[in-house]
Amino acid sequence: MKAIYKIALAVTVSAGLASCFDTREPNYQYMPNMYESAGYETYSESNAFANGKEGQLPATGSIKRGFVPYEIPNTPEGYEASKANPVPAEAGAYDEAKAKELFTIYCAICHGDKGDGKGNLAKREKFAGVPDYKARQITVGSVFHVETYGLNMMGSHANQLTQAERWQVAQYVMQLKGQ
Amino acid sequence: MPKILSIIIYNMKKVGNHTSISRILLFCLAVSLTFSLPSFAQDAPAAAPAAAAPAAEAAAPAAAGDPVKGKELFNANCASCHKLDAASTGPKLRGVAEKHDKQWLYKWIHNSSEMIKSGDAAAVKLFNENNKVTMTAFPQLSEADIDNILAYTSAPAPVVENKPGPVASASGSGVSETIILGALILVLAVLIVMLVLVNRTLKRVAAANGVVVPVKEPGVSVWKAYAKNQFLVLVTAILLLLASSYYLYGWLMQVGVDQNYQPVQPIHFSHKIHAGDNGIDCKYCHSAARVSKNSGIPSLNVCMNCHKNIAEFAGDKDSVYDHSKEFYTGEIKKLYTAVGWDGATQKYTGKTAPVKWVRIHNLPDFVYFNHSQHVSVAGVECQKCHGPVETFEVMKQFSPLTMGWCVNCHRETDVKVEGNAYYTKIHDELAKKFGKQKLTAADMGATECGKCHY
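Line by line, the protein sequences are chains A and B.
With our numbering, the residue at position 142 of the first sequence is 144, and numbering never jumps.
With our numbering, the residue at position 392 of the second sequence is 396, and numbering never jumps.
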C-alpha cells in the first residue's frame, strides 16, 4: 500500500511542478535592464510621439540614400507608359543566380518556378487566374512597374525588394517568358 | 518531469517487495498513457470535408455555352480581378448575364474603355460604380468563349451545407485540453483502484492456498540503525549536497533563458498553415532577414499582399487544423480591422490600429547579432536556429539563444567560403596557418569576446 501513496505523491509533485512552468510568460532575468533597455526599442510603444509609437514614418518627401525616384504613376496609362522603360544603369549587371533566388522567394509561390502561373498558392486555389508570362504582353519595364505598384490581385512588393532587386527579378521574368 | 519520475521509480525498487516489479510496470504504463493520450487525440482525423458539391453542372446553362469550358476560361482570364460571389478588383460575376444584354456584354468584354468613351450610359454607370478601374480588354475572346464564360457565371451558387466545420478538430484548444486532463485523471484513478484490487486478490489467493506471508519480527527500526551509522550519514549528506548543488546550478543556469517561450499573440498567426501547408518562403514575409540585422516583423501590407484576395479561411481537405474555420476567418477579419480594409468596397478606410505583437526572440542589448550575415552570407537555414517553424501552430522560441549555444555552433560549423571573394585571401592564409582546408567560424576569431560584445 505504501507504494500507492508514493505514486500519488509523485503524481502530485510532478503535476505541481509542471503547472508552475508557464510557457506563455517569459522567464525571469538576472539583470532585466540589460534586456529592457532605457532607449526606445524598435516598434515599441512610447509616449515620446503623439501617436504613441516609437516607429515613425519618414518626413514627407524624404528619400533614402541611393534611391532613384520612379515617376510613372500607378494608373492604367502609367502601366502602358512603363512598357517602353529599359533597364536603368543603377540596376547593375544582370545576375541570373541572384535573380532566380529572389524570384523563387517572392514570385514563384504564385507564378510558379517556370512562370507558368502554377505556383503552390495557385495550385491550392488560394489565388485564381495567375497568368502564364508567355500569354501576357509584358516588357521588362512593365514587369518592374507591376512589382512596384502591384496589379489587380497582386500586391506591391516594393517594401520587400529594393529597386535594383526588382529590376533583376524583372529581367528574370522576361528570361522565363522567352524560354 | 521524467527525471523526477525516474528517481521515484528507482526509490521504489529499493523499498522492494514481491509485487514491486508489476507495480513499476503498471506505473510505467500509466506514465506512457499520460504522454501518448494527447498524441492520439491529435491523430484523430477531422470530420471528412464535404465542401460545397459542384452543383453547378446540374443546372441548365443560361445560354448555349459550356460551363466547364467556361470555368477554365474564367480562371485563366477573369479570376485575377473577378470572383463569382464576392467583390474583388471588379464586381462579382455570378448572374451577370441576367443584368446585361448579351451583345452589350460582348462589346464590353472586347473593349470596355471604348464603350465608356462613346458615352454608353450603362457602361459609364458601371465604370463609376467600380472605383473607375478600367477593365482589361479581351479582344482575343470569341463570342463563343464569352458564351461559355457566361454559362459558367450563370450557374446557381452551390448550396453551402451547414455541417459542423469540416476542418474543426475541436471548438477550442482549451476545452480539448481539459477533456484530456480529465480523462488522464480518470485513467490514473482506475489504475489505483486496480492496484488495490489486485493486491487484495493476491492476498486472498495466498490465504486460500495456505501460503503464509512471513511476518516481520520487530527489530531495531531501519531509521534508528541508519542514524547510528555515522559513515552512512556522512555519505548521504555528501550525496545530498552534491545533488542539491547540481539542481541549484541547473536552476540558476536557466534564469534568463526563454527557450519554449510561447506567448499569446493579438492575432493568431499559424506558421504551420502559411509556411508549412502553403509553402511560403520564410523570407517572403521576413524579407529584412536577407539584408538587415533584424529579421523584422512583417508589416501588415505584406499580409495584405495575399489577404486582400483571401478573406476567408478555406482550409485544405488533406490537412488537419487546430481551430475551426470560423476562428481562422475571424483572425483574418482582425487583420482587416487593424489595417483598415473594407472588403465590401475593396478600399482602405484609412482607420488603422496597431497590432501589438509580443516579441519572442529578444537578445540582450550587450550582444550583437546580425541576421543578414547568417542568412545571406553563411547561408544558414532559418530552421537551424528557429526550429521547424513550418510545423508550429503557435510560434515559440526553439533554441535557448544562450552564449554557449552560439559559440558551440561557431566551433562546429564550417564557414561557407566557396564563391565568396571576401574570403579568398583570408581563407588561404588561415588554411596555411592551421594546416587544414575547412575553417570554422571559431578559427576566424568568432569566439573572441569583442566579436559580439562591444
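Backbone N, C-alpha and C fix where the C-beta goes; we use that ideal spot for every residue, glycine too.
Specify the secondary structure class of residue i as computed by DSSP and reduced to three states.
i: residue 287/B; result: helix
i: residue 198/B; result: helix
i: residue 452/B; result: coil
i: residue 145/B; result: coil
i: residue 123/A; result: helix
i: residue 88/B; result: coil
i: residue 96/B; result: coil
i: residue 153/A; result: strand
i: residue 121/B; result: helix
i: residue 312/B; result: coil
i: residue 7/A; result: helix
i: residue 352/B; result: strand
i: residue 346/B; result: strand
i: residue 151/B; result: helix
i: residue 115/A; result: coil
i: residue 128/A; result: coil
i: residue 1/B; result: Residue 1/B lies beyond the residue range present for chain B, which begins at 5 and ends at 458; the question has no answer from this structure.
i: residue 440/B; result: coil
i: residue 432/B; result: helix
i: residue 55/A; result: strand
Could you tell me whether the Cβ of residue i comes closer than 8 Å to any Cβ of chain A?
i: residue 454/B; result: no
i: residue 82/B; result: yes
i: residue 262/B; result: yes
i: residue 308/B; result: yes
i: residue 283/B; result: yes
i: residue 402/B; result: no
i: residue 291/B; result: yes
i: residue 132/B; result: no
i: residue 369/B; result: yes
i: residue 481/B; result: Residue 481/B lies beyond the range of chain B shown here (5 to 458); nothing can be said about it.
i: residue 168/B; result: Residue placement at residue 168/B is poorly supported in this model, since its pLDDT is 44, which falls under 50; the coordinates are not used for a value here.
i: residue 268/B; result: yes
Please report how far the alpha carbon of residue i lies from the alpha carbon of residue j, in whole angstroms.
i: residue 196/B; j: residue 7/A; result: 10 Å
i: residue 433/B; j: residue 377/B; result: 22 Å
i: residue 280/B; j: residue 395/B; result: 6 Å
i: residue 248/B; j: residue 259/B; result: 17 Å
i: residue 440/B; j: residue 431/B; result: 10 Å
i: residue 442/B; j: residue 108/A; result: 33 Å
i: residue 364/B; j: residue 266/B; result: 7 Å
i: residue 241/B; j: residue 225/B; result: 20 Å
i: residue 228/B; j: residue 222/B; result: 13 Å
i: residue 446/B; j: residue 415/B; result: 5 Å
i: residue 45/A; j: residue 157/B; result: 46 Å
i: residue 66/A; j: residue 255/B; result: 48 Å
i: residue 135/A; j: residue 149/A; result: 14 Å
i: residue 437/B; j: residue 448/B; result: 11 Å
For residue i, which of the options has the nearest alpha-carbon?
i: residue 308/B; options: 158/B, 292/B, 300/B, 339/B; result: 339/B
i: residue 444/B; options: 321/B, 122/B, 419/B; result: 419/B
i: residue 167/A; options: 181/A, 145/A, 155/A, 157/A; result: 145/A
i: residue 397/B; options: 347/B, 345/B, 269/B; result: 269/B
i: residue 151/A; options: 333/B, 98/B, 104/B, 305/B; result: 305/B
i: residue 175/A; options: 128/A, 116/A, 16/A, 93/A; result: 116/A
i: residue 106/A; options: 283/B, 87/B, 323/B; result: 283/B
i: residue 311/B; options: 341/B, 79/B, 294/B; result: 341/B
i: residue 153/B; options: 215/B, 71/B, 346/B; result: 71/B
Can you give me the Cβ contacts of residue i inside the same chain, cut-off strictly under 8 Å, excluding the 5 residues immediately before and after it?
i: residue 314/B; result: 336
i: residue 424/B; result: 381
i: residue 114/B; result: 141, 142, 143, 145
Does the beta carbon of residue i come closer than 8 Å to any beta carbon on chain B?
i: residue 139/A; result: no
i: residue 31/A; result: yes
i: residue 183/A; result: Coverage of chain A is limited to positions 3 through 181, which leaves residue 183/A absent and any answer about it impossible.
i: residue 36/A; result: yes
i: residue 154/A; result: yes
i: residue 122/A; result: yes
i: residue 39/A; result: yes
i: residue 190/A; result: Outside the shown range of chain A, which is 3 to 181, sits residue 190/A, and nothing can be said about it.
i: residue 67/A; result: no
i: residue 143/A; result: no
Within its chain, find whatever has a CB closer than 6 Å to the CB of residue i; leave out the 5 residues flanking it on each side and keep chain order.
i: residue 456/B; result: 371, 372
For residue i, I'd like the list of residues in its chain whose CB is within less than 7 Å of its CB, leaving aside the five on either flank, ordered along the chain.
i: residue 136/B; result: none
i: residue 31/A; result: 37
i: residue 149/B; result: 77
i: residue 85/A; result: 141, 143, 144
Note down, in chain order, every chain D residue with its Cβ under 8 Å from the Cβ of residue i.
i: residue 87/A; result: Here chain D cannot be found, since the structure's protein chains are A and B.
Would the beta-carbon of residue i be found less than 7 Å away from any heavy atom of the ligand GTP?
i: residue 333/B; result: Absent from the structure shown: the ligand GTP. Ligands present: none.
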